Structures are given as structure tokens and as C-alpha cells.
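> The sequence shown begins at 41 in the numbering used here and counts up by one.
Handing you a structure now.
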Amino acid sequence: MPETTIATDLDSIRAGRLSEAGEFWTGRIAKDAGNAKLTYKAAGVAVGSVATRISAGNHQFTVDEPAGLAGDDAAASPVEYALGALISCQVVVYRLYAHQLGLAIDELTIDAEGDLDVRGLFGIDESVRPGFTAIRLKVNISGPETQERYEELARVVADRCPVLDLFANQTPVSAVVAKV
41 MPETTIATDL DSIRAGRLSE AGEFWTGRIA KDAGNAKLTY KAAGVAVGSV ATRISAGNHQ
101 FTVDEPAGLA GDDAAASPVE YALGALISCQ VVVYRLYAHQ LGLAIDELTI DAEGDLDVRG
161 LFGIDESVRP GFTAIRLKVN ISGPETQERY EELARVVADR CPVLDLFANQ TPVSAVVAKV
């Protein structure tokens with residue numbers, strides 16, 4: 041099968057899935073606005089030196105640290121997964137709104153970098169926060185649209201991406217510790 045046919049089939053499948061998802065959620069929310077509120081869950085079990093085995097829905101994955109941070113380097117680190125979560129959510133939202141706005145995307149790649157000062161993690165300097173101090177995204181889009189149209193899409197994505205919102209805005213976090 042020629043590569044262009046495969047790409048066309050994938051574009052058609054993606055368009056169908058995006059349309060179906062949009063129609064499903066529009067209908068579901070129209071019936072009851074409460075249907076728009078979702079709760080996501082994940083659970084983790086400590087394994088190895090500092091690794092964690094995560095279960096989320098039907099999926100499992102491991103998170104670890106490099107040897108320099110007491111890990112076995114068996115998997116990506118928590119902050120690398122956080123950047124990966126941001127990238128993957130961006131891809132979803134770019135695809136969703138490109139479809140909704142009628143914009144064609146031939147290829148989409150996103151790179152993320154985050155700056156983290158470990159003095160916060162290790163409690164060396166209380167004035168340094170333990171998380172990222174800056175994150176930079178590089179979004180590369182190829183396709184037939186103008187630069188201006190892709191910039192318009194980027195503004196919509198910035199306003200609608202749930203994981204970007206998680207990074208950009210404070211989200212209340214509560215914790216309960218239980219001895220078992």
C-alpha cells in the first residue's frame with residue numbers, strides 16, 4: 041500500500057474519531073452538565089530503589105530516577121513523564137482543534153525542556169522551589185496552512201490544554217497519610 045494511502049487512511053480515521061468524540065461529548069453534556077466533570081485516577085507502588093510502578097486505568101508503567109538521583113535508571117523520571125504528559129496533551133488538543141477549525145496538519149512534533157534547580161528538592165536552599173522554574177515548548181507543524189493560522193491554533197491550544205493548565209495555574213492538592 042503506498043505511503044500516501046496509509047496517511048490518507050489515518051487522516052480519515054482520525055477525523056472520524058474526532059468528530060465522533062465531539063458529538064458524543066456535546067450530546068452527553070447537553071443532557072446533563074454534570075457529565076462534563078471527570079475524575080482521573082492513578083495508583084503507585086514503590087519498587088526498587090526509588091522507582092514506582094504506576095497503574096492508570098488498564099495501563100501500567102514504571103517511573104524511576106537516574107543513578108545520580110538514587111534510582112536504577114529503569115525508566116523515565118517523574119519530571120520527564122510530566123514533560124511527556126504535557127507534550128502528549130498538547131498533541132491531543134492540537135489535533136482536536138485543528139479538526140474543529142478545519143486546519144490541515146501534515147506533521148506535528150513537540151519538544152519540551154524544563155529547568156529544575158535540585159537545591160529545592162534536597163532542601164539546600166529554602167528559597168528555591170522544588171519544581172520546574174521554566175518550561176519551553178517547541179511546536180513544529182508542517183502543512184498547507186499559513187503561519188498565522190497555525191499561530192491561531194496555538195493560541196486556542198494554550199487556552200484549552202488541561203496539562204498546560206496544570207503547569208500554568210495553581211491546582212489545589214490534598215493528601216491523606218494512613219499507616220497500614
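Note that CB positions come from ideal geometry on N, CA and C, so glycine has one too.
All of these numbers come straight from a predicted model, not from anything done at the bench.
In whole angstroms, what separates the C-alpha of Leu-136 from that of Ser-59?
Near 9 Å, if we compare the C-alpha coordinates of Ser-59 and Leu-136.
> I'd like the span of the beta strand (DSSP E) that includes Arg-169, first residue to last.
Careful: Arg-169 lies outside any beta strand (DSSP E) and carries neither H nor E.
> In chain order, what are the residue ranges of uninterrupted alpha helix (DSSP H) at least 4 long that sit wholly in the segment 118-184?
Runs found: 118-141 and 158-161.
> Could you tell me the alpha carbon to alpha carbon distance between Asn-98 and Ala-82, rounded to whole angstroms?
Cα-Cα distance, rounded: 10 Å.
> On a CA-only basis, which of Arg-195, Ser-182 and Lys-219 is nearest Asp-146? Give me that one, please.
Taking only the C-alpha atoms, the option nearest Asp-146 is Ser-182.
> Do we get a CB-CB distance below 7 Å when we pair Ile-145 with the residues of chain B?
Of the chains in the structure shown, none is chain B; there is only one protein chain.
> Over what stretch of residues does the beta strand (DSSP E) that includes Gln-100 continue unbroken?
Note, Gln-100: beta strand (DSSP E), 99-103.
> Exposed or buried, what is Tyr-190 when buried is set at 16 or more other beta-carbons lying within 10 Å of its beta-carbon?
Buried is the call here.
> Is DSSP giving Ala-86 helix, strand or coil here?
Residue state, collapsed to three classes: strand.
> State the start and end residues of the unbroken alpha helix (DSSP H) segment that holds Ala-194.
Start and end: 187-200.
> Tell me whether Ala-122 is buried or exposed, calling it buried when 16 or more other Cβ atoms sit within 10 Å of its Cβ.
Classification for Ala-122: buried.
> Taking only the alpha-carbon atoms, compute the straight-line gap between Glu-188 and Leu-161 and give it to the nearest angstrom.
One C-alpha to the other measures close to 41 Å.
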